[in-house]
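Q:
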Amino acid sequence: MNNSFDIHPDFQSIKARKLSLKRWALALMRNLLALVNALHRRKFRAIVSRQKIPGLDGHRVPVLFIEPENLAAPSPALIYFHGGAFVMKAAPRHLENAVRYAREANCRVIFVEYRLAPVNPFPAGFEDCHAALRWALANADTLGIDARRVAVGGDSAGGALAATVAQRARHEDGIELCGQMLIYPVADVACTRPSTSAFTDVPPFKAASLASLWDVYFKDPLAAGVPRYASPIHGELSGLAPAYVETAEFDMLHDQGHAYAEALIASGVEVAQNDIKGAVHGFDLLAADSEVSKAAMQSRIGFLRRIFGCAGTAPGTT
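Residue 1722 is where the sequence shown ends in the numbering used here, and the numbering goes up by one at each step.
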């Protein structure tokens, strides 16, 4: 790690690694995460169930339903898309965070296990996420969901999916979400902003991983242009729901996340920006017990509580 950066002590032991995008390595990692997640699921103090819902072209999308015990209906709902560079399954901490969102924001969480690249390149995962939102709203009464209080959220790659699902829902479906929670999101496929080159050896992944990611995420080269809904900052931003945009100070994605927040504001969207000082990408997943991570979680939960309370504006965050 480059020690010239003022990274918080809680994150200085995290190593920067190159993400292997070889299919055998990704398959091994996915199987391991699936096993670990199955074991962790038994420990949650919440009701967690799994089923498959209808997606595009007959595909069945696996989702986890997470709800606190004794939750009244109808309740708010968060449709959540996990991170993992569009190629990896959710980590155990993703599920633990989702349980916290459910319990502390007093909502149901629909945790979408969308299809992953390179086996299923864009737009497969995006279509799964969009289908999950539409399905949840279409079945709101049966699921005990208040359709007026539905938000999307995600971290990293999942943040990109949440942002673009929110765009499509608003401009194609006429769906008015109550909020969008974007945690250190992938916001621009161009990856040309200063933080990308400034933090090349800052954990957890090296810049080479980010650059090569697009080669496996997209079926066709980007020379012909960025596909619609592939890159949040290239989308139509007007009329979107209030947003919480969290960035980590020493994250390669920092500048694109900040730029997306500013673009939302310029389009008239209410935005709460939270720049986590001293943090690296995925800090809350890698050092959950850090006071920095705990404070970030409280900011996220505060945002969810506010939007689910039908407040007129998103909370201000510094």
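Each residue gets a CB set at the ideal place from its N, CA and C atoms; glycine is no exception.
From a predicted model like this one, the values you see are computed outputs, not experimental measurements.
How about Ala1573: is its C-beta nearer than 8 Å to some C-beta of chain B?
A: In the displayed structure, chain B is absent; only one protein chain is listed.
Q: Counting pairs of Cβ atoms below 8 Å between the region 1588 to 1603 and the region 1624 to 1644, do you hit three or more?
A: Touching, per the Cβ criterion.
Q: Residues in the same chain with beta-carbon distance under 6 Å from His1486, minus the five sequence neighbours each way, listed in chain order, please.
A: Along the sequence shown, one-based indexing puts residue 1486 at 82. So the qualifying residues of the chain are Ala1494, His1498, Gly1562.
Q: Pop quiz: Gly1550 and Pro1478 are said to be a contact at Cβ under 8 Å. What is the actual Cβ separation, rounded to whole angstroms?
A: The residue given as residue 1550 occupies position 146 in the sequence shown. The residue given as residue 1478 occupies position 74 in the sequence shown. Checking the sequence, you will find Asp at residue 1550 rather than Gly. 4 Å between Cβ atoms; contact.
Q: Quick check on DSSP: helix, strand or coil for Gly1661?
A: The residue labelled residue 1661 in the question sits at position 257 within the sequence shown. Gly1661: helix per DSSP, three-state reduction.
Q: For a minimum of 4 consecutive residues, which ranges assigned as the alpha helix (DSSP H) are wholly contained in the region 1559 to 1631?
A: Listed in chain order, the complete alpha helix (DSSP H) runs (minimum 4 residues) inside the region 1559 to 1631 are 1561 to 1575, 1598 to 1602, 1611 to 1621.
Q: Report back the beta-carbon spacing between Ala1566 and Gly1557 to the nearest angstrom; my notes put them in contact at under 8 Å.
A: Here residue 1566 refers to the residue found at position 162 when the sequence shown is read from its first residue. Here residue 1557 refers to the residue found at position 153 when the sequence shown is read from its first residue. Correct: roughly 5 Å between the Cβ atoms.
Q: Using 8 Å as the cut-off, can you tell me whether the region 1689 to 1706 makes contact with the region 1648 to 1663, which would need three or more C-beta pairs spanning the two stretches below that distance?
A: As far as the Cβ criterion goes, the region 1689 to 1706 touches the region 1648 to 1663, which means the pair count is three or higher.
Q: Expressed to the nearest angstrom, what Euclidean distance is found between the alpha-carbon atoms of Gly1672 and Gly1643?
A: Taking the sequence shown and counting its residues from 1, one reaches residue 1672 at position 268. Taking the sequence shown and counting its residues from 1, one reaches residue 1643 at position 239. Cα to Cα, Gly1672 sits roughly 7 Å from Gly1643.
Q: With DSSP run on the structure shown, which of helix, strand or coil describes Gly1643?
A: Working through the sequence shown from its first residue, we reach residue 1643 at position 239. The answer is coil: DSSP assigns Gly1643 none of H, G, I, E or B.
Q: Specify the secondary structure class of Pro1480 as computed by DSSP and reduced to three states.
A: The sequence position of residue 1480 within the sequence shown is 76, counting from 1. Residue state, collapsed to three classes: strand.
Q: Is there contact here, the region 1468 to 1476 with the region 1508 to 1526, by at least three beta-carbon pairs under 8 Å?
A: With the cut-off at 8 Å, the region 1468 to 1476 and the region 1508 to 1526 touch.
Q: According to DSSP, is Arg1504 part of a helix, a strand, or is it coil?
A: As a working mapping, residue 1504 is identified with position 100 in the sequence shown. Correct three-state label for Arg1504: helix.
Q: Pick out the complete beta strand (DSSP E) segments inside the region 1661 to 1696, 3 residues or longer, and give them in chain order.
A: List check, beta strand (DSSP E) in window: 1675 to 1680.
Q: Express the C-alpha separation of Tyr1648 and Ala1676 in angstroms, rounding to a whole number.
A: Here residue 1676 refers to the residue found at position 272 of the sequence shown. Here residue 1648 refers to the residue found at position 244 of the sequence shown. Their backbone Cα atoms lie some 5 Å apart in a straight line.
Q: Hey, how far is the Cα of Thr1600 from the Cα of Asp1545?
A: Along the sequence shown, one-based indexing puts residue 1600 at 196. Along the sequence shown, one-based indexing puts residue 1545 at 141. About 44 Å.
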